[in-house]
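Input: a single structure, listed below in structure tokens.
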Amino acid sequence: MPGTRKQVGATGGQTVTISFAGFNRAWAAWIGDRLERRGVSVVQQRWDPPVEIPLEEALRDLTLARGRVLVILSDWYFQMGPRSHEEWNRALREVVAADPDRFAAVCVTTSVLPGATSVFGAADLTNVGADEAERRLCVRLDLPADPLPETADHRPGPRYPADTPEVWGGVPRRNTRFTGREELLNKAYLALQDAGSGAGVVTLHGMSGVGKTQLAAEYVYRFGSEYDVVWWVPADRRALYRQKLAELAPELGLSTGAEYGERLRAVRDALRRGEPHSHWLLVLDGADEPEHIWDLVPTGPGHVLITSRNPEWSEHNSNLVEVPVYARDESVAFVRRRAPRLNPAEADRLAEALEDLPLLLDQTAGWLNDSDMSVEEYIELLEGGIDQDVVKVSADFPLAFQTAWSILLNKLRDTVPESVDLLRLCSFFAPGSIPVRLLREMPPGELPEQLSGLMNDPLLWNKAIGQLRQYSVVRLESHETAGEEASSGESLYMHRMVHQIIGKDMPERDRREFVDVVRRALAAADPGRPTDTRLWPAYAEITPHLKWADVLRSTDPGVQTLVLNCLRYMYLSGEYRAGIKLGERAMRAWRELLGDDHPRVWDLSYNYANLLRAVGDYAGTEYIERAAVEHLRAERGPMDLEHLRAAGGLAADLRGLGRYDEALEISGWILVAYRELLGEQDSRTLNAQNNMAVSLRLLGRYEEALELNRRTLEARRQLLRPRHGWTLYSEINYATDLRLLGRYGDALSLQNQSVRVHRLVMGPDNPQTLRAEHNLALCQYRSGDRVKAGELFTRVLERSERVLGETDPLTMMFAASQSFFAREHADVDQARDIGERVVTGYLAMLGARHPYVAGTRANHALILRNVGERDQAHALLEEALADMTRAVGEYHPWTLGCAINASALRNLVGDPESAAALTASVVTRAVEVLGRTHPLTLSARIAHAADLRGLRDRQRADKIETEALGDLEATLGAQHVHTVSARSRSRPYWDFEPQMV
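Heads up, the sequence shown is in the numbering used here, so the first residue is 4 and it goes up one at a time.
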């Protein structure tokens, strides 16, 4: 609690004890702060006397406190127990009326209170502003009511409770029947307050139905006055979480465009910096899979509160607060609030029968209060078990829940049968947030008669929702304002326990009819352009529901197109694992449903192969794509567009497998075919042109790749738009070619600008954004800015490991760069550890004969050299050189680079003659392939001069060195790190950089 402080001119020595219900903690905090600023000593005391203690005794105990007792009057204060108004009137007359000077009160509610509360002479703080409320408070306590003067150490205090935080969104309505949980609320509060900056994360974890979400909501209302920003985000699905977090951008006043990625990046950056607000609270509701979203949990000066069934959040720097079922006294108090007609003994028996599970108590007590059934009769039904065919659920649910749900379902059927239809429809969406607006947006003619009335009659719709809300089966989603009645809304929230159990209780005819409605609703919501990043939030909302609507069993062409578009979205947005799962299930289902050779199956195999290729399964995708190519060529001919698309996938597989000549041959005739069929400016022609350039680059033909990528980039900027994902992809490719040709300044300028746009458009954690940042780090490194490069290498690798995993091809590419940077400029032990993991990873993914294995082994040999293991380094480099030569040929730049490094090791082990012969050969080949002034050629020339000097051929060495230094100065500049290093006669080395395929 706030400490005591005195104001100059205030009357000291006075003490006030504030008695308040936990529900009104925000009022107690604000009142305490205002009194302390006036020099009053304040003691806070939460009011929650045990039900077995008479009210008179509990009130007398308050008089044991020092000074006056200030009671915060609200309906919550009088519900503790709960106690009847008659009990309160009797106690107030006996205790407070007898000693009126010890008690004072303020009233913060407009609800009807016990009549005897008039004895308090309470100051009314409802419907007034903060200044007037403070004046009335002071008058009631006989304190000077003049406004306080400004002080030098002016500090912000708790927000006036009637004022909401400046930014407030997504928070469920406050549960006016919330009961107990005081210890848990205080534990969570203290854990967040005691955490350091950037570490304020608390997870409320426990079983389904235990009340985690309600506890988090009560925390927000109870402590929300301490924050400037309160934002509630559903976190059961990564894509939806990202979408909802991005929606915070305009609320924070951040200047961003409409691009999804731009808004997400801006929000995370603003929260991290604490600007414009440092006191923020983010609630992640339903985050049951921490491995999917932990990397997106914001850091900064604010707090994060998570609800989850998964205690593994403790492994991600979160404090855990376990949420058990109700204690029995909490159960009894809650039941009596929910069903006032029950006495304490009946509430106790009901709580015992329902195992103190809050969700079950809420649903059961709600309708039991409206029923003529006695508690004893209800418990007999539970114990006897009504028709067990009514509800069939997994053993994960308590038996009491199964039977209680059967009783509730019968009640709904008897009162508002349409509410059962609505429930059943919702069961074909994913649990949690259900976008029912998609159903109501369907044309009336597409709905079955049974549902048409429900969807098209607003009164019937509201009646059904109202009944479900009354029994706590669903809740309206949080964007509905607190003052609205049950309305159509955009979405409902259904608990996963309710979702699972309602799905089990449905006639087969209704099941077929309802699932078809949901499938068509999802298909109608398909934006139709998964390549457009501006439409990704819509796909993020749709994709979680595909499984529950069993879309893979549909023969509707629109539904099948939706599946294909969602797979494409998952590929482009980097949701690879989820996409692979969907693609795998779809391949099995569609082959069974449509046959192996159906056109839809070939469409599906293309999208599925893209996802598998993204995670490095090149052998698997080659099998899929080769089968598609052979079938489509035989059935439709070589110029068929579907055949060409499959052939493009096959070329990508071959690139992944290191079979670059085959890939180039296929890429070449695909490009010719597209140009003939569609012309130069069609997007498919440009895609083929892009892929042709990738094949050329992997063969070391950098000038040809550069020219092709230049033309592709210019055409995409005109045909698509500068911020289109494919245009940005071309910028990476073009900048990469510039860098590989030694045009470091041009590459750095282009890639620096492109990274900024990538972060805005694609989002900071999109795989393409990570690749853009990695190329920027390489541009910075080759340009000599090693500080910036080192920081960016580290950040990119850390994020890729979190988002994609350690064995993802992109992650291993980034790790290779981190390793060779650490070898020279950071930590050789770290370099060795990462380098070994990279070599092992590529071996497992690609096999021993792949050029990436040879290249990363060559890198690792340099680490062994640096730690003094010369003989092992020499043997490894010679092996790598031989393997690289076999894989790509002796004229490939990768082979030439390996040879430069091998010559250095030959010198170190006492073989200067063969070292000089090797560098002489490298220089000849490099000049032929790359030109005399390419950085790799220049490195070979400097290395050859060093080798000649080792053989005491100083005249030739000096001549070659002088010419090479002149070319270095002319090409890179006199102060470039490579020039300075060569001038100081530090032997050059070469780093292998894995490329994307």
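For glycine and all other residues, C-beta sits at the position ideal for the given N, C-alpha and C. Model, not experiment: these values are computed from the prediction.
Exercise. Looking only at C-alpha atoms, which of 593, 505, 441 sits nearest to residue 415?
Worked result: 505
For this session: Grab me the residues of residue 829's own chain with a C-beta within less than 7 Å of its C-beta, minus the 5 sequence neighbours each way, in chain order.
Result: 793
Exercise. Does the stretch 77 to 92 come close enough to the stretch 33 to 41 to have 3 or more Cβ pairs within less than 8 Å?
Worked result: no
Problem set entry | Same chain, Cβ closer than 7 Å to residue 854, neighbours up to 5 away in sequence not counted | 661, 887, 890, 891, 897
Exercise. For the beta strand (DSSP E) that residue 298 lies in, which residues bound it at each end?
Worked result: Segment: none, residue 298 is in no beta strand (DSSP E) and carries neither H nor E.
Exercise. Under the three-state reduction of DSSP, which class applies to residue 130: helix, strand or coil?
Worked result: coil
For this session: Apply the 10 Å Cβ neighbour rule to residue 346 and answer buried if 16 or more other Cβ atoms are within range, or exposed otherwise.
Result: exposed
Exercise. Which residue comes first and which comes last in the beta strand (DSSP E) that contains residue 237?
Worked result: 232 to 237
Exercise. For residue 402, which of helix, strand or coil comes out of DSSP?
Worked result: The predicted model places residue 402 with a pLDDT of 48, which falls under 50 and marks its position as unreliable; any figure quoted below should be read in that light. Correct three-state label for residue 402: helix.
For this session: My understanding is that residue 248 touches residue 270, with C-beta atoms under 8 Å, so please give their C-beta distance in whole angstroms.
Result: 6 Å
For this session: Specify, as a first and last residue, the run of the beta strand (DSSP E) that residue 73 falls within.
Result: 71 to 76
For this session: May I ask you to verify whether the stretch 686 to 702 touches the stretch 666 to 675, counting CB pairs closer than 8 Å and requiring at least 3?
Result: yes
Exercise. Is residue 819 helix, strand or coil by DSSP?
Worked result: helix
For this session: Give the secondary structure of residue 346 by DSSP, where H, G and I count as helix, E and B as strand, and everything else as coil.
Result: coil
Exercise. Does the distance from the CB of residue 130 to the CB of residue 204 come in under 8 Å?
Worked result: no
Problem set entry | Own chain, CB closer than 8 Å to residue 982, minus 5 neighbours either side, in chain order | 968, 971, 972, 975, 976
Exercise. Using the beta-carbon count (16 or more within 10 Å), is residue 550 buried or exposed?
Worked result: exposed
Problem set entry | Where the alpha helix (DSSP H) through residue 886 begins and ends | 873 to 891
For this session: Go to residue 897, then tell me how far its beta strand (DSSP E) extends in each direction, as first and last residue.
Result: Per DSSP, residue 897 belongs to no beta strand (DSSP E); it is in the alpha helix (DSSP H), 896 to 911.
Problem set entry | Close Cβ partners of residue 736 (< 6 Å) along its chain, the five nearest in sequence each way excluded | 712
For this session: Tell me, please, which residues DSSP counts as bridged to residue 783.
Result: Note: residue 783 sits in no beta bridge, so no partner.
Exercise. Rounded C-beta distance between residue 18 and residue 63? I'm assuming under 8 Å.
Worked result: The Cβ separation is near 18 Å, so there is no contact.
Exercise. Is residue 325 helix, strand or coil by DSSP?
Worked result: strand
Exercise. Do the stretch 551 to 561 and the stretch 454 to 463 meet, that is, are 3 or more Cβ pairs less than 8 Å apart?
Worked result: no
Problem set entry | Endpoints, the beta strand (DSSP E) within which residue 437 is located | 435 to 437
Problem set entry | Nonlocal neighbours in the same chain, by C-beta distance under 6 Å from residue 359, ignoring five residues either side | 328, 329, 334
Problem set entry | Distance between beta carbons of residue 757 and residue 796, contact taken as under 8 Å | Between residue 757 and residue 796 the Cβ distance is about 18 Å, and since that is not below 8 Å, they are no contact.
For this session: Using only alpha-carbon positions, find the residue among 615, 679, 625 that is nearest to residue 644.
Result: 679
Problem set entry | Rounded C-alpha distance that separates residue 281 from residue 244 | 21 Å
Exercise. Taking all protein chains shown into account, do 16 or more other C-beta atoms lie within 10 angstroms of the C-beta of residue 115, making it buried, or fewer, making it exposed?
Worked result: exposed
Exercise. How many Å lie between residue 396 and residue 453 at the Cα?
Worked result: Bear in mind that the predicted position of residue 396 carries a pLDDT of just 33, short of 50, making it too unreliable to give a figure here.
For this session: State the DSSP-derived secondary structure class of residue 196, mapped to helix, strand or coil.
Result: helix
Problem set entry | Between the CA atoms of residue 231 and residue 61 - distance to the nearest angstrom | 37 Å
Exercise. What residue does the alpha helix (DSSP H) around residue 496 start on, and which one ends it?
Worked result: Where residue 496 is concerned, there is no enclosing alpha helix (DSSP H), although the beta strand (DSSP E) it sits in stretches over 495 to 497.
For this session: For residue 784, I'd like the list of residues in its chain whose CB is within less than 6 Å of its CB, leaving aside the five on either flank, ordered along the chain.
Result: 792
Exercise. Less than 8 Å separating the beta-carbons of residue 163 and residue 283?
Worked result: no
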